[in-house]
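S.K.: This is the structure I want to talk about, given as structure tokens.
Protein chains: 2
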Amino acid sequence: MGKEPLTKDRKEKTQPYYHLGAVTETERVLNKRLLDKITDPKTAAKLIENGMTVATSGFTPSGYPKEIPLALASRIKNDCEFSINLFTGASVGKELDSSLTKKNSISRRFPYQTNKEIRDKINQRRIHYEDIHLSQFTQEVRYGYFGNIDVAIIEAVKITPEGYIIPTTSVGATPTFCHLADNIIVEINTTKPLFLEGIHDIYLPNDPPDREPIPIMTPKDKIGTPYIKIDPNKIKAIVFSDKQDENIPFAPANQVSQDIAYHLISFLKKEVLQGRLPENLLPIQSGVGEVANAILKGLLDSPFKNLTLYSEVIQDSVLDLLDHRTIDFASSTSLTLSKEGFNKLYNNINKYKDQIVLRSQEISNHPEIIRRLGSIAINTAIEADIFGNVNSTNIMGTQMVNGIGGSGDFARNSSLSIFTTPSIAKDGHISTIVPMVSHVDHTEHDVKVIVTEQGLADLRGLSPIEKAESIIENCAHPSFKPQLRKYLTNGTKQVGHTPHILENALDWHINFLKSGSMKD
Amino acid sequence: MGKEPLTKDRKEKTQPYYHLGAVTETERVLNKRLLDKITDPKTAAKLIENGMTVATSGFTPSGYPKEIPLALASRIKNDCEFSINLFTGASVGKELDSSLTKKNSISRRFPYQTNKEIRDKINQRRIHYEDIHLSQFTQEVRYGYFGNIDVAIIEAVKITPEGYIIPTTSVGATPTFCHLADNIIVEINTTKPLFLEGIHDIYLPNDPPDREPIPIMTPKDKIGTPYIKIDPNKIKAIVFSDKQDENIPFAPANQVSQDIAYHLISFLKKEVLQGRLPENLLPIQSGVGEVANAILKGLLDSPFKNLTLYSEVIQDSVLDLLDHRTIDFASSTSLTLSKEGFNKLYNNINKYKDQIVLRSQEISNHPEIIRRLGSIAINTAIEADIFGNVNSTNIMGTQMVNGIGGSGDFARNSSLSIFTTPSIAKDGHISTIVPMVSHVDHTEHDVKVIVTEQGLADLRGLSPIEKAESIIENCAHPSFKPQLRKYLTNGTKQVGHTPHILENALDWHINFLKSGSMKD
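So the sequence lines, in the order shown, correspond to chains A and B. Residues 0 to 519 (numbering that gives the first Met the number 0) make up the first sequence, in order. Residues 0 to 519 (numbering that gives the first Met the number 0) make up the second sequence, in order.
Here it is, written out as structure tokens:
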């Protein structure tokens with residue numbers, strides 16, 4: 000596989016079209032030796048050959064490369080003539096996942112995605128997808144579990160005089176990819192301001208047996224460097240991009256989400272009253288989306304103050320919480336903001352830089368830190384069963400939605416792991432509370448609280464039969480309660496700690512697949 | 000609830016029968032003020048009242064109290080007149096679990112058991128049992144998730160001049176129970192030698208938000224004290240016991256176990272050759288039982304040297320490994336030895352004290368340490384499914400066997416999580432490799448390798464369909480392979496990342512329950 004420097008044949012004396020002029024270049028590429036590596040996306044993409052493993056920046060579509068993957072995709076003429084293994088931090092935008100999927104050019108894709116085109120191909124089993132805990136993924140890449148990384152494509156704000164990389168709006172798995180890749184292509188995004196420098200905290204742990212404690216004691220502790228240290232000789236190409244990240248549309252809170260938030264916040268207040276949580280709680284992890292937004296919005300209207308966030312994403316509502324000092328500090332691996340959110344961030348960057356840090360996903364989601372901080376993990380379920388198991392990835396046990404992401408990292412090491420879901424879906428034809436989930440991502444051992452718009456089930460210290468009673472009575476939708484009670488009553492006619500009737504355990508899903516409804 | 004000192008009515012001038020003479024007493028109870036608390040089991044047991052929560056020492060039946068629970072049980076005349084919540088470290092012996100279960104006197108029992116009588120009652124749902132990760136249990140007790148602890152009963156080697164406790168052959172959850180309990184009863188076991196002092200390393204972490212890194216960098220690091228620091232005023236009674244722990248019968252390795260061990264050790268050798276593991280591997284965790292014994296025996300005959308163990312139990316074979324320097328050091332929370340094993344330990348205690356440390360289960364099983372060390376976790380499955388999910392607790396999805404124990408603590412934070420199981424059970428009527436497990440304790444995300452006597456499936460980096468092919472071809476018993484292939488082939492006629500046919504997913508279990516065989 001050709002590894003010769005990409006730019007060696009570039010002989011032009013005059014600057015070709017892709018140069019942006021001396022000012023931009025010299026303020027973005029501060030290492031003079033690397034100026035020679037600036038090239039166009041098409042040329043840079045030639046570094047990527049058939050059969051390679053390519054790893055990119057990007058987390059929950061933020062900070063992923065765009066020009067190189069688009070150039071690569073446009074190079075591929077025919078189906079099946081070309082394929083790569085594609086590793087990312089987490090989900091990336093359509094310029095990467097869609098463009099390559101449309102050319103059937105992804106063979107293997109780890110560890111998380113949220114893209115329609117790629118999801119369809121995953122469910123057709125035309126792309127091999129392993130759904131991996133985000134904190135584990137990077138260490139497993141380093142352990143060599145997934146082979147060599149040929150090329151890393153990294154979106155950057157700039158390259159320092161030493162040749163180090165300042166990432167953009169996410170860190171994700173980038174430090175590990177840069178550390179391991181044979182070659183690095185840097186995509187400098189000129190829409191991402193230079194003043195982002197300083198918001199990142201890059202720390203690459205040693206691997207066993209030489210690993211040491213990670214010295215984070217509070218979400219605001221910085222333990223690393225503001226840049227990703229690399230061997231500058233590995234940078235084989237630099238391109239400029241002015242493409243913006245795919246924006247996640249802002250999800251306004253509906254009544255169901257607000258009710259979920261109400262039950263959850265009431266519960267947290269009670270925990271404080273009973274002395275089980277400090278007044279400013281413990282560091283919160285919360286996902287993205289409607290319910291997460293409603294919860295964060297709910298916190299804004301609550302009496303809680305001086306909270307902290309130790310999470311993997313920062314969405315718009317976090318900025319509001321920081322403004323109101325409901326939250327003092329937010330640690331994350333990604334800024335997943337709307338266009339308005341980014342404008343707000345950039346217009347007040349000096350303030351927010353004191354309140355926000357972006358870490359690698361290995362650290363933002365690290366079991367050691369989550370356990371130490373005693374995190375409160377709030378994640379969404381696709382469905383939960385009456386015994387407290389949660390499915391968060393596979394609809395009807397078979398159809399991959401996105402992946403487990405960081406939910407397992409947080410749920411299994413937190414002090415309090417909470418799952419939220421509306422009690423029904425598909426116009427009431429699906430109950431998200433079922434006798435047996437069709438796929439398990441979070442076991443009964445890792446689920447402490449389930450919340451729907453109907454209410455909240457506190458499962459701590461309960462046996463399976465007590466969990467079932469609590470979940471049915473507190474969380475299930477009234478239209479499905481009789482059916483759930485009947486299942487449980489039938490089960491309890493037999494001996495068994497977890498009184499399932501295996502013949503009927505998956506009937507609800509089977510009925511839905513046949514008739515379009517889980518109703519009897 | 001009466002909390003007055005138990006011994007205040009003891010007026011005798013002459014020593015009653017339960018005193019063991021000045022020598023034994025003064026070498027075992029070094030705090031002079033506590034000598035007055037020495038009493039008989041019956042009197043001490045009066046501290047335990049109906050409705051209380053009682054927490055005891057003991058882990059994988061080692062170091063649990065015997066005299067007090069027997070005295071308590073003999074006091075209970077009628078069914079249902081008396082019941083307590085019983086918390087332990089892990090499994091305890093029949094003197095505790097059986098004697099109280101026979102009197103229907105346990106209302107709630109956390110977090111693990113291996114006792115026939117109690118298991119039966121759990122499956123009849125007459126005892127509320129929550130199956131909790133062992134490392135999480137103690138912190139959740141401290142967080143107040145399970146209410147107040149009225150009395151702790153702790154087996155000890157001795158009480159120090161300061162009134163602190165030297166535990167016996169396990170540490171388990173004892174430090175936390177002592178820290179929290181209103182009252183403590185100490186059961187000094189005179190069959191456990193005084194020279195055990197010094198083998199324990201007691202460290203009680205702060206709770207969030209004040210938690211700090213746990214400074215263990217290698218299995219041999221000692222970070223605490225050799226005693227459990229308590230307020231001596233909480234000791235309300237001291238009794239003497241010469242009862243031995245219930246012995247676990249030694250499980251000799253049969254051919255199936257040896258074959259599993261062979262595949263596993265071959266795999267580890269290959270990992271070293273390929274540079275994915277150091278020559279002396281990474282700290283090993285291994286359970287108890289036939290397969291675990293065979294694996295440890297296999298290591299003895301292997302070229303591996305200078306290994307370490309960071310585990311929750313030490314069984315007989317570990318002593319042999321230490322003798323041969325196959326293993327340099329073993330960290331655990333419990334000595335689960337046969338009578339011969341204990342004799343060997345005691346006869347060479349000075350040597351073994353340099354090679355063994357006993358920690359609390361919170362530390363032996365701590366996510367932070369397991370992740371830092373990069374542990375190799377080897378645990379047993381009841382059944383595994385073709386997509387890599389593991390059931391380790393509930394037979395046919397309903398009947399509790401023991402519990403998850405520490406397997407989740409290790410599997411989900413290790414660098415390499417391996418599950419072993421013979422490929423068939425019940426004279427070949429049960430396949431332990433099934434289309435869908437009937438209960439999930441370890442998800443596909445946490446299972447990297449499955450080993451049976453047939454072979455080994457390395458699941459790292461595989462998509463569900465690839466995992467299924469690998470597990471069927473490498474791990475399933477030949478008599479079940481055609482049936483498994485048929486299930487998978489039918490599944491792949493449909494779209495779906497995890498190609499289950501829900502109508503048939505649990506048929507194998509249903510068939511077994513109906514006909515006594517999983518065969519078509």
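Even for Gly, the Cβ is constructed at its ideal location relative to N, Cα and C.
Does the beta-carbon distance from L344/B to S316/B come in below 8 Å?
M.R.: No. Outside cutoff.
S.K.: Go through the stretch 29 to 80 of chain A residue by residue and report every complete run of the alpha helix (DSSP H) that reaches 4 residues or more, in order.
M.R.: For the stretch 29 to 80 of chain A, whole alpha helix (DSSP H) runs of length 4 or above, ordered along the chain, are 40 to 44, 66 to 74.
S.K.: Taking buried to mean at least 16 other C-beta atoms within 10 Å of its own C-beta, is G515/A buried or exposed?
M.R.: So G515/A ends up on the exposed side.
S.K.: Output yes if chain A places a C-beta closer than 8 Å to the C-beta of H521/B; else output no.
M.R.: Residue numbering for chain B in the displayed model covers 0 to 519; residue 521/B lies beyond these limits and cannot be assessed.
S.K.: So T168/B and S61/B are supposed to be a Cβ contact under 8 Å. How far apart are they, rounded?
M.R.: Right, the Cβ-Cβ distance comes to about 5 Å (below 8 Å), so this counts as a contact.
S.K.: Can you find the residues in the same chain that come closer than 6 Å, C-beta to C-beta, to L195/B, ignoring five residues on each side of it along the sequence?
M.R.: Result list for L195/B: V156, in chain order.
S.K.: Since I believe M399/A is in contact with Y128/A (beta carbons under 8 Å), could you give me their beta-carbon distance rounded to a whole number of angstroms?
M.R.: Right, the Cβ-Cβ distance comes to about 7 Å (below 8 Å), so this counts as a contact.
S.K.: Mind checking G405/A: buried by the 16 CB within 10 Å criterion, or exposed?
M.R.: The residue is buried, with at least 16 neighbouring Cβ atoms inside 10 Å.
S.K.: Just mark R370/B as buried or exposed, buried being the case when its beta carbon has 16 or more other beta carbons within 10 Å.
M.R.: Counting Cβ neighbours within 10 Å, R370/B comes out buried, since at least 16 surround it.
S.K.: With 7 Å as the C-beta to C-beta threshold (strictly closer), list the residues of the stretch 362 to 394 of chain B near chain A in chain order.
M.R.: Here the close residues are P366, E367, R370, R371, L372, G373, N388, N393.
S.K.: Which runs of the beta strand (DSSP E) spanning at least 3 residues fall entirely within the stretch 279 to 316 of chain B, listed in chain order?
M.R.: Here the runs fully enclosed are 283 to 285, 306 to 309.
S.K.: Between which two residues does the beta strand (DSSP E) harbouring E94/A extend?
M.R.: Looking at the DSSP string, E94/A is not in any beta strand (DSSP E), and its letter there is neither H nor E.
S.K.: If you follow the beta strand (DSSP E) that E186/B is part of, which residue opens it and which one closes it?
M.R.: 182 to 188 is the span of the beta strand (DSSP E), which, as asked, contains E186/B.
S.K.: In chain A, what lies closer than 8 Å to R324/B by C-beta?
M.R.: Those do not exist, as R324/B stays about 18 Å from chain A at its closest Cβ, beyond 8 Å.
S.K.: So which residues of chain B does Q123/A contact, with C-beta pairs closer than 8 Å?
M.R.: Those within 8 Å of Q123/A in chain B are V494.
S.K.: Under 8 Å by Cβ, that's how I've got N393/B and H496/A pegged, so tell me the actual separation to the nearest angstrom.
M.R.: Correct: roughly 7 Å between the Cβ atoms.
S.K.: Any beta carbon from chain B within less than 8 Å of G396/A's own beta carbon?
M.R.: So yes, G396/A belongs to the interface.
S.K.: Specify the secondary structure class of P166/A as computed by DSSP and reduced to three states.
M.R.: The answer is strand: DSSP assigns P166/A an E or B state.
S.K.: Just confirm the distance between the C-beta atoms of V356/A and T335/A, as a whole number of angstroms; I'd bet it's less than 8 Å.
M.R.: With a Cβ gap of about 15 Å, V356/A and T335/A do not count as contacting.
S.K.: What does DSSP give as the partner residue(s) for H441/A in the beta ladder?
M.R.: Answer is V389/A, bridged to H441/A.
S.K.: Could you list which residues in chain B have their beta carbon closer than 8 Å to that of F145/A, in chain order?
M.R.: Chain B residues near F145/A: R459, G460.
S.K.: Starting from K151/B and walking both ways along the beta strand (DSSP E), at which residues does that stretch end?
M.R.: It is worth fixing the name first, because residue 151/B is Ala in this sequence and not Lys. Looking at the DSSP string, the run of the beta strand (DSSP E) that includes A151/B is 150 to 158.
S.K.: Applying the 10 Å Cβ sphere with the 16-neighbour rule, what's the burial state of C177/A?
M.R.: Looking at its Cβ environment, which holds 16 or more other Cβ atoms inside 10 Å, C177/A is buried.
S.K.: Note down, one range per segment and in chain order, each beta strand (DSSP E) of at least 3 residues found wholly within the stretch 314 to 353 of chain B.
M.R.: The qualifying runs are 326 to 331.
S.K.: Strictly by DSSP, which residues pair up with Y142/B?
M.R.: In the DSSP output, where bridge partners are listed per residue, Y142/B has none listed.
S.K.: I'd like to know whether the C-beta of R141/A is nearer than 8 Å to at least one C-beta of chain B.
M.R.: No, because no Cβ of chain B sits closer than 8 Å to the Cβ of R141/A.
S.K.: Under the rule that 16 or more other beta-carbon atoms within 10 Å means buried, what is N188/B, buried or exposed?
M.R.: Counting Cβ neighbours within 10 Å, N188/B comes out buried, since at least 16 surround it.
S.K.: Quick one: grab the DSSP three-state call for Q493/B.
M.R.: Here Q493/B sits in coil by DSSP.
S.K.: Would DSSP call V436/A helix, strand or coil?
M.R.: The answer is coil: DSSP assigns V436/A none of H, G, I, E or B.
S.K.: Return the chain-ordered list of same chain residues with a C-beta closer than 6 Å to the C-beta of P366/A, the five sequence neighbours on each side being excluded.
M.R.: Once the five neighbours on either side are set aside, the close Cβ partners of P366/A are N412.
S.K.: Can you tell me the Cα-Cα spacing of R118/A and E161/A, whole angstroms?
M.R.: The alpha-carbon atoms of R118/A and E161/A are separated by roughly 40 Å.
S.K.: Starting from V271/B and walking both ways along the alpha helix (DSSP H), at which residues does that stretch end?
M.R.: Start and end: 254 to 272.
S.K.: CA-CA distance, G239/A and R484/B?
M.R.: The amino acid at residue 239/A is misidentified as Gly; the sequence shows Phe. Going from the Cα of F239/A to the Cα of R484/B covers about 51 Å.
S.K.: Which residues does DSSP pair with M399/A in a beta bridge?
M.R.: Looking at the DSSP assignment, M399/A forms a beta bridge with N393/A.
S.K.: Just by C-beta distance, which residues in the stretch 503 to 515 of chain A are closer than 8 Å to chain B?
M.R.: Within the stretch 503 to 515 of chain A, the residues whose Cβ lies closer than 8 Å to some Cβ of chain B are A504, L505, H508, I509, L512, listed in chain order.
S.K.: Can you tell me whether DSSP reads H199/B as helix, strand or coil?
M.R.: H199/B falls in the strand class under three-state DSSP.
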